[in-house]
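First the structure, in the form of structure tokens, and then the observations on it.
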Amino acid sequence: MKKLLISIAALGVVALAGSLWWLHDSLDAQVADAIRRYGPEITGVPISLSKATINPLDGKAALYGLVVGNPDGFKTNQALSLDEISMTLDIRSLTTDVIRIKELTLLKPAITYEYAAGGSNLDVLQRNIERAIGHHKQKAQPSESGKKLIIEHLYVKSARAHVSAELLNGDAVSVPIPDVHLQDIGRKSDGVTAGEVTKQILGSIVQQVSTAMTAAGIHTATNTIQKAVDSATQAIKGLFK
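Take any residue in the sequence shown, note its place counting from 1, add 384, and you have its number in my numbering.
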């Protein structure tokens, strides 16, 4: 169960990757429509968003009520939800090779890992996203891969991980994840890629989820859950290659 909870926490980083994509491509009044339109094309699952607020003059933006649904065949309601993703950035850096994000906050992310016969909801999402990213890379110009990021402050607040399997019939075991605060991501190397950012965040979240799991006293109880552990670990590793 420990390995499973560690792996599930890593999915929270997907929210960061999504917000970085939003920063590069959708910093305007149409961000909500763009996410609702293109999000399902990328993930292959329903995506809903309550609203988005964008203020380009002071470099602030936020998404509210983001929900990523589950693929067909799974019983839990969703794979990922976030109450709020907020960002403050240095507008002047948008025209440079290194984009500076002053503060990025993920508020109340809830990550659900559900194992069913033949795989998990995250396995399916991973395959869908990989296909979409592969298609995008084929069309991208060489200059588009050169952008790097520096994040002065990253906060993950009030997160929870949920674990489910067929034997739970849509119910889930839930555990809170301690808050995370990372500073100066990419500063020493004069910027890092979005993929490198996710790896750094993962390292910190692993430690926090381990603490949460120990405090909650959660242990592996069945072979089905143990199988879910192995599958989830591989799925999360694949997301951040």
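Note that CB positions come from ideal geometry on N, CA and C, so glycine has one too.
Just so you know, these numbers come straight off a predicted model, no measurement behind them.
Legend entry - Where Glu425 falls, given that 16 or more other Cβ within 10 Å makes a residue buried: Within the sequence shown, residue 425 is the residue found at index 41, counting from 1. Classification for Glu425: exposed.
Inset, instruction - Go ahead and pull the three-state DSSP assignment for Pro430. - result: The sequence position of residue 430 within the sequence shown is 46, counting from 1. DSSP places Pro430 in coil when its eight states are reduced to three.
Inset, instruction - Tell me whether Asn512 sits in a helix, a strand or coil according to DSSP, three-state version. - result: As a working mapping, residue 512 is identified with position 128 in the sequence shown. In the structure shown, Asn512 sits in a helix (DSSP, three-state: H, G or I).
Legend entry - CA-to-CA distance, Pro562 to Pro493, given in whole angstroms: In the sequence shown, residue 493 corresponds to position 109, counting from 1. In the sequence shown, residue 562 corresponds to position 178, counting from 1. Taking the straight line from one Cα to the other gives about 12 Å.
Legend entry - Candidates Arg420, Thr437, Pro440, Asn439, of which the one nearest Ile431 by Cα: If you number the sequence shown from 1, residue 431 lands on position 47. Taking only the C-alpha atoms, the option nearest Ile431 is Arg420.
Inset, instruction - Please check the pair Val547 and Tyr497, which I expect to be a contact at CB under 8 Å, by giving their CB distance rounded to whole angstroms. - result: The residue labelled residue 547 in the question sits at position 163 within the sequence shown. The residue labelled residue 497 in the question sits at position 113 within the sequence shown. That belief holds up - the Cβ atoms of Val547 and Tyr497 are roughly 6 Å apart, short of 8 Å.
Inset, instruction - Ignore the nearest five residues each way along the sequence and tell me which others in Val508's own chain have a CB closer than 7 Å to its CB. - result: The residue given as residue 508 occupies position 124 in the sequence shown. If we look at Val508 and ignore the five residues flanking it on each side, its Cβ neighbours are Pro455.
Legend entry - Anticipated Cβ contact below 8 Å, Gly443 with Thr472, distance rounded: For the purposes of this step, residue 443 is taken as the residue at position 59 of the sequence shown. For the purposes of this step, residue 472 is taken as the residue at position 88 of the sequence shown. Contact flag correct, Cβ pair sits at about 6 Å.
Legend entry - Unbroken beta strand (DSSP E) run spanning Thr480, endpoints: Locating residue 480 in the sequence shown gives position 96, where the first residue counts as 1. Looking at the DSSP string, Thr480 is not in any beta strand (DSSP E), and its letter there is neither H nor E.
Inset, instruction - List the endpoints of the continuous beta strand (DSSP E) containing Pro560. - result: Position 176 of the sequence shown, counting from 1, holds the residue named residue 560. 557-561 is the extent of the beta strand (DSSP E) around Pro560.
Legend entry - Where Arg421 falls: helix, strand or coil (DSSP): By 1-based counting over the sequence shown, the position of residue 421 is 37. In the structure shown, Arg421 sits in a helix (DSSP, three-state: H, G or I).
Inset, instruction - Could you check which residue in Ser504, Thr489, Asp574, Leu506 has the C-alpha nearest to that of His537? - result: Translated into the one-based positions of the sequence shown, residue 537 becomes position 153. Checking every option, the nearest Cα to that of His537 belongs to Thr489.
Legend entry - Residues sharing a beta bridge with Arg571, DSSP: Position 187 of the sequence shown holds residue 571. For Arg571, which the question treats as bridged, DSSP gives no partner whatsoever.
Inset, instruction - Tell me where the beta strand (DSSP E) around Ser470 begins and ends. - result: Here residue 470 corresponds to residue number 86 of the sequence shown, with the count starting at 1. Element bounds for Ser470: 462-473.
Inset, instruction - Enumerate in chain order the residues of its own chain whose CB-to-CB distance from Ile475 is below 6 Å, with the five nearest sequence positions on each side excluded. - result: In the sequence shown, residue 475 corresponds to position 91, counting from 1. Only Gly443 meet the Cβ criterion.
Inset, instruction - List the endpoints of the continuous beta strand (DSSP E) containing Gly453. - result: Here residue 453 refers to the residue found at position 69 when the sequence shown is read from its first residue. Element bounds for Gly453: 444-453.
Legend entry - Through-space distance from Ile485 to Asn461, alpha-carbon basis: Residue mapping note: residue 461 aligns to position 77 of the sequence shown, counting from 1. Residue mapping note: residue 485 aligns to position 101 of the sequence shown, counting from 1. Roughly 32 Å between the two C-alpha positions.
Legend entry - Coarse secondary structure for Ala416, derived from DSSP in three states: Taking the sequence shown and counting its residues from 1, the one referred to as residue 416 is at position 32. Here Ala416 carries a helix assignment [DSSP, helix/strand/coil].
Inset, instruction - Consult DSSP for Leu441 and reduce its assignment to one of helix, strand or coil. - result: Walking along the sequence shown from the start, residue 441 turns up at place 57. The answer is coil: DSSP assigns Leu441 none of H, G, I, E or B.
Legend entry - 6 Å CB neighbourhood of Ser434 in its chain, flanking five on each side removed: As a position in the sequence shown, residue 434 is number 50, starting the count at 1. Tyr448, Gly449, listed in sequence order.
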